[in-house]
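Written out below as structure tokens is the structure these notes cover.
Protein chains: 2
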Amino acid sequence: MGFGNVSERRMQPPQIGVSVVVLALGPDEHDGTPGTLWMPLVKRVREPFLGRWALPGGSLISGKSLEQAAYEALSSTTDLRPQYLEQLYAFGDPKRSSSGLPMVSIAYWALVGGVESVDFTTTTNVQWFSEKHLPELAFDHRRIVDFALTRLRHNVAYPRVASRLIGERFTLAQLHRVFEAVTGSEIDVANFRRKMLASGQLEETGDKIREGRQRPAMVYRYRMQEHHDADALHGWTQEELRTLEDAAEASEDANAAIVPLMPWANPITR
Amino acid sequence: MGFGNVSERRMQPPQIGVSVVVLALGPDEHDGTPGTLWMPLVKRVREPFLGRWALPGGSLISGKSLEQAAYEALSSTTDLRPQYLEQLYAFGDPKRSSSGLPMVSIAYWALVGGVESVDFTTTTNVQWFSEKHLPELAFDHRRIVDFALTRLRHNVAYPRVASRLIGERFTLAQLHRVFEAVTGSEIDVANFRRKMLASGQLEETGDKIREGRQRPAMVYRYRMQEHHDADALHGWTQEELRTLEDAAEASEDANAAIVPLMPWANPITR
DNA sequence: TCAAAAGTGTTAGCTGTACACCCATGG
DNA sequence: CCATGGGTGTACAGCTAACACTTTTGA
Numbered sequence: 007m008g009f010g011n012v013s014e015r016r017m018q019p020p021q022i023g024v025s026v027v028v029l030a031l032g033p034d035e036h037d038g039t040p041g042t043l044w045m046p047l048v049k050r051v052r053e054p055f056l057g058r059w060a061l062p063g064g065s066l067i068s069g070k071s072l073e074q075a076a077y078e079a080l081s082s083t084t085d086l087r088p089q090y091l092e093q094l095y096a097f098g099d100p101k102r103s104s105s106g107l108p109m110v111s112i113a114y115w116a117l118v119g120g121v122e123s124v125d126f127t128t129t130t131n132v133q134w135f136s137e138k139h140l141p142e143l144a145f146d147h148r149r150i151v152d153f154a155l156t157r158l159r160h161n162v163a164y165p166r167v168a169s170r171l172i173g174e175r176f177t178l179a180q181l182h183r184v185f186e187a188v189t190g191s192e193i194d195v196a197n198f199r200r201k202m203l204a205s206g207q208l209e210e211t212g213d214k215i216r217e218g219r220q221r222p223a224m225v226y227r228y229r230m231q232e233h234h235d236a237d238a239l240h241g242w243t244q245e246e247l248r249t250l251e252d253a254a255e256a257s258e259d260a261n262a263a264i265v266p267l268m269p270w271a272n273p274i275t276r
Numbered sequence: 007m008g009f010g011n012v013s014e015r016r017m018q019p020p021q022i023g024v025s026v027v028v029l030a031l032g033p034d035e036h037d038g039t040p041g042t043l044w045m046p047l048v049k050r051v052r053e054p055f056l057g058r059w060a061l062p063g064g065s066l067i068s069g070k071s072l073e074q075a076a077y078e079a080l081s082s083t084t085d086l087r088p089q090y091l092e093q094l095y096a097f098g099d100p101k102r103s104s105s106g107l108p109m110v111s112i113a114y115w116a117l118v119g120g121v122e123s124v125d126f127t128t129t130t131n132v133q134w135f136s137e138k139h140l141p142e143l144a145f146d147h148r149r150i151v152d153f154a155l156t157r158l159r160h161n162v163a164y165p166r167v168a169s170r171l172i173g174e175r176f177t178l179a180q181l182h183r184v185f186e187a188v189t190g191s192e193i194d195v196a197n198f199r200r201k202m203l204a205s206g207q208l209e210e211t212g213d214k215i216r217e218g219r220q221r222p223a224m225v226y227r228y229r230m231q232e233h234h235d236a237d238a239l240h241g242w243t244q245e246e247l248r249t250l251e252d253a254a255e256a257s258e259d260a261n262a263a264i265v266p267l268m269p270w271a272n273p274i275t276r
């Protein structure tokens, strides 16, 4: 049972899928300093857009939540546990597939990493690309990527976001580099330090680390604040709460509850 | 050909629908002053949740964009042109329908109005409810409503949002009342005036209007800034751009292009 | 001429930004 | 002892919040 022709396909009820923009901090392509965002793409093995690079994703099948589907799309390309996963937007223009197949795609963005810990291995069907040198993508995935990058730039100031990119322990200088890399703008180091420390979100580990040959820097860690029970209040999932906050103004920062991500996730097999 | 039993339905591919939270500013229920948000709900005529109130919405069928589907859900309950329409969130937990029918719902929020112009007529299947006295809703629609209200509260400071609630021409006092009503907090009138005027977004009409028996107030109007051609730049729809901005911090306000809403909308028949 | 709402001025305190400066370390 | 990055002090500009004040109107 093959597909019908284009106009027949247009009459089908739309299919739902998820697409995930997975972002990790990796080395710059010229100097090796970490300061560029990388994302894995998969090569399509079917029409339409056979052979093109596309975002990891999959169809939504019964009994699974959207987050689960996104999580699985992610684990099919990376064996890392996502450090952050949030819904971006639902794309549903019937013209978007440009092949007549009506399709609604719910886009997610995820952060993986820990600066050192990401494995940028290339396989036949999965390859990591620098944000700055993306190939042509299938469907409207390029727009989804831009959407995700914009969101990240706007949200990197939230500790829960930045911390998922950089990893558990870090110096203020490292954190500063991440901010400059992600936002693409220069930030005064002195003021950055004070702002971060004043936020009360950072906690000294007591350790020091020397990166170059100079004075060693204090190692910090994000202080995970205790669970507010906000979800019990309104029945919202953490992910939904984050999206709510994304819509918030800057004023109320990070009074969100942080709980272990993906409470339903199975133990990872790696 | 009826439905199978619950476990059979669970195996179906999920259905996609849209739900719309339509908000308008209406009179307070005690004093008649405009200061309460109202929304239309429809009574369900089918299982599940037969007889319960639910958000206007519908199934997504082929060839229609999500926005079109949302627009039509809106026009089925209100013959007003939506002044604002924006995607909220995609809800997709398979447990959400509590009846075994897998369902993904893409929620939109819309503003209609112009203070005087909304017709709060009740019909058999459609009734307007005050935000403060909502009945029990079908599905997880209560959460969607809360989601929309939170979004509105966070975004009312954006002129394009507030203006769609209040109507074309207004005094600063009226605008001030809207802000206080929506945010639920007291705002110093003097500072509010200055902030609004300093924003450069307001424009005198030259008219004055007297609401009580006192000194008449200047009538203002929002200055619609010219079209940035941002959509041509990135291929984003206006609606997608707004959602992007929602994720933005307060700093960059309203450099968004404003174009006539719903360019594909047919002339209204009223 | 008085009450009530429209509209203006003034100040204290907070925050962001710029930039000068001191400190610790290995070579 | 010096170059380098880590880390601190300070001063100014601009914004916000609070509230006292003046103006305009109809009754």
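Protein chains in written order, with the working numbering: chain A, 7 to 276; chain B, 7 to 276. Note that CB positions come from ideal geometry on N, CA and C, so glycine has one too.
| field | Contacting positions in the segment 51–66 of chain A - beta carbon closer than 9 Å to chain B | value | S65 and L66
| For A144(A), the nearest candidate out of W44(A), I22(A) and L61(A) (CA to CA) | Here residue 144(A) refers to the residue found at position 138 of the first sequence. Residue L61(A) is the option with its Cα nearest to A144(A).
| Collapsed DSSP secondary structure at V26(B) in the structure displayed | As a first step, residue 26(B) must be located in the second sequence, where it is residue number 20. Reduced to three states, the DSSP call for V26(B) is strand.
| query | Considering only residues of the same chain and omitting the five flanking positions on each side of S82(B), which have a CB-CB separation below 7 Å? | reply | Locating residue 82(B) in the second sequence gives position 76, counting from the first residue. Taken in chain order, the residues that qualify are P62.
| message | Using only the alpha-carbon positions, how far apart do G32(A) and G41(A) sit? | response | For the purposes of this step, residue 32(A) is taken as the residue at position 26 of the first sequence. For the purposes of this step, residue 41(A) is taken as the residue at position 35 of the first sequence. Going by the C-alpha atoms only, they are around 6 Å apart.
| query | Quick one: what's M202(B) bridged to in DSSP? | reply | Translated into the one-based positions of the second sequence, residue 202(B) becomes position 196. For M202(B), which the question treats as bridged, DSSP gives no partner whatsoever.
| message | From the DSSP secondary-structure annotation, give me the bridge partner or partners of R175(B). | response | Taking the first residue of the second sequence as 1, we reach residue 175(B) at position 169. R175(B) is bridged to R227(B).
| said: Whole angstroms are fine: how far does the CA of E78(A) sit from the CA of S65(B)? | reply: Along the second sequence, read from residue 1 onward, the residue named residue 65(B) stands at position 59. Along the first sequence, read from residue 1 onward, the residue named residue 78(A) stands at position 72. Whole-angstrom Cα-Cα distance: 27 Å.
| If you draw a straight line from the C-alpha of V110(A) to the C-alpha of A96(A), how long is it? | On the first sequence, residue 110(A) is found 104 positions in, with the first residue counted as 1. On the first sequence, residue 96(A) is found 90 positions in, with the first residue counted as 1. Between V110(A) and A96(A), the C-alpha separation is close to 7 Å.
| request: Check whether the Cβ of A96(B) lies closer than 8 Å to any Cβ atom in chain A. | output: As a first step, residue 96(B) is located in the second sequence; it is residue number 90 there, counting from the start. A96(B) counts as touching chain A.
| query | Taking the alpha carbon of A113(B) as the point to measure from, which residue in M224(B), S25(B) and Q220(B) has its own alpha carbon closest? | reply | As a working note, residue 113(B) is residue 107 in the second sequence. Residue S25(B) is the option with its Cα nearest to A113(B).
| task | Return the Cβ separation of I22(A) and I22(B) in integer angstroms, given the expectation that the two are a contact with Cβ distance under 8 Å. | result | Translated into positions along the first sequence, residue 22(A) becomes position 16. Translated into positions along the second sequence, residue 22(B) becomes position 16. Correct: roughly 6 Å between the Cβ atoms.
| Three-way DSSP call (helix, strand, coil) for L56(B) in this model | Stepping through the second sequence from its first residue, residue 56(B) is reached at position 50. The answer is coil: DSSP assigns L56(B) none of H, G, I, E or B.
| Does the count of Cβ pairs from the segment 179–199 of chain B and the segment 146–154 of chain B closer than 8 Å reach three? | no
| Any C-beta of chain B under 8 Å from that of V26(A) | Here residue 26(A) refers to the residue found at position 20 when the first sequence is read from its first residue. Output row for V26(A): interface = no.
| said: Per the DSSP calculation, G32(A) is bridged to which residue(s)? | reply: Here the question's residue 32(A) lines up with position 26 in the first sequence. Under DSSP, the beta-bridge partners assigned to G32(A) are T42(A).
| query | So is T177(B) buried or exposed if we call it buried at 16+ other beta carbons inside 10 Å? | reply | One-based indexing of the second sequence puts residue 177(B) at position 171. Buried is the call here.
| query | Taking 8 Å as the CB-CB limit, is Q93(A) close to chain B? | reply | Translated into the one-based positions of the first sequence, residue 93(A) becomes position 87. Answer yes: the Cβ-Cβ gap between Q93(A) and chain B drops below 8 Å somewhere.
| task | For L72(B), go through chain A and note every residue whose CB falls closer than 9 Å to its CB, in chain order. | result | Looking up residue 72(B) in the second sequence gives position 66. Under the 9 Å cutoff, chain A gives A96, F97, G98, D99 and V110.
| task | Kindly give me the distance between the Cβ atoms of V225(A) and R175(A), rounded to whole angstroms, as I take these residues to be in contact under 8 Å. | result | Within the first sequence, residue 225(A) is the residue found at index 219, counting from 1. Within the first sequence, residue 175(A) is the residue found at index 169, counting from 1. Indeed, because the Cβ distance is near 5 Å, the residues count as touching under 8 Å.
| said: Just checking: is the beta-carbon of I215(A) within a distance shorter than 8 Å of some beta-carbon in chain B? | reply: Residue numbering aside, residue 215(A) sits at position 209 when the first sequence is read from its first letter. Cβ-Cβ to chain B under 8 Å: no for I215(A).
| Taking Cβ-Cβ distances below 8 Å as the criterion, which residues of the segment 149–174 of chain B are in contact with chain A? | So the list reads R149, D152, F153, T156, R157, H160, N161 and A163, given in the order they occur along the chain.
| message | On the CB-based measure, 16 or more other CB atoms within 10 Å of its CB, does V124(B) come out buried or exposed? | response | For the purposes of this step, residue 124(B) is taken as the residue at position 118 of the second sequence. V124(B) comes out buried.
| request: Check each candidate in R170(B), T129(B) and D213(B) and name the one with the smallest Cα separation from R87(B). | output: In the second sequence, the residue the question calls residue 87(B) occupies position 81. That would be R170(B), whose Cα lies nearest to the Cα of R87(B).
| said: Would I22(A) pass as an interface residue toward chain B - the criterion being a Cβ-Cβ separation below 8 Å? | reply: For the purposes of this step, residue 22(A) is taken as the residue at position 16 of the first sequence. So yes, I22(A) belongs to the interface.
| Buried or exposed: Q71(A), going by 16 or more other Cβ atoms within 10 Å of its Cβ? | Working through the first sequence from its first residue, we reach residue 71(A) at position 65. Correcting the residue type first, residue 71(A) is Ser in the shown sequence and not Gln. Label assigned to S71(A): buried.
| query | Whose C-beta lies closer than 8 Å to the C-beta of S136(B) among residues of the same chain, with five residues either side of it excluded? | reply | Your numbering for residue 136(B) matches position 130 in the second sequence. Around S136(B): G32, E35, T42, L43 and W44.
| message | So, with DSSP's three-state summary, where would you put F97(A)? | response | By 1-based counting over the first sequence, the position of residue 97(A) is 91. Correct three-state label for F97(A): strand.
| query | For the candidate residues D213(B), P222(B) and R58(B), whose alpha-carbon lies nearest to that of Q133(B)? | reply | The count along the second sequence starts at 1 and reaches residue 133(B) at position 127. Among D213(B), P222(B) and R58(B), the Cα nearest to that of Q133(B) belongs to R58(B).
| DSSP three-state assignment for Y90(A), whether helix, strand or coil | Position 84 of the first sequence holds residue 90(A). Strand.
| query | Which of helix, strand or coil does DSSP assign to F281(A)? | reply | In the structure as shown, chain A begins at 7 and stops at 276. Residue 281(A) is therefore absent and cannot be evaluated.
| task | With distances taken Cα to Cα, identify the nearest neighbour of T128(B) among L181(B), K138(B) and D85(B). | result | Within the second sequence, residue 128(B) is the residue found at index 122, counting from 1. Comparing Cα positions, the closest option is D85(B).
| request: Would you give the residue range spanned by the alpha helix (DSSP H) that E73(B) belongs to? | output: Counting from one through the second sequence, the residue named residue 73(B) turns up at place 67. L72 to S81 is the extent of the alpha helix (DSSP H) around E73(B).
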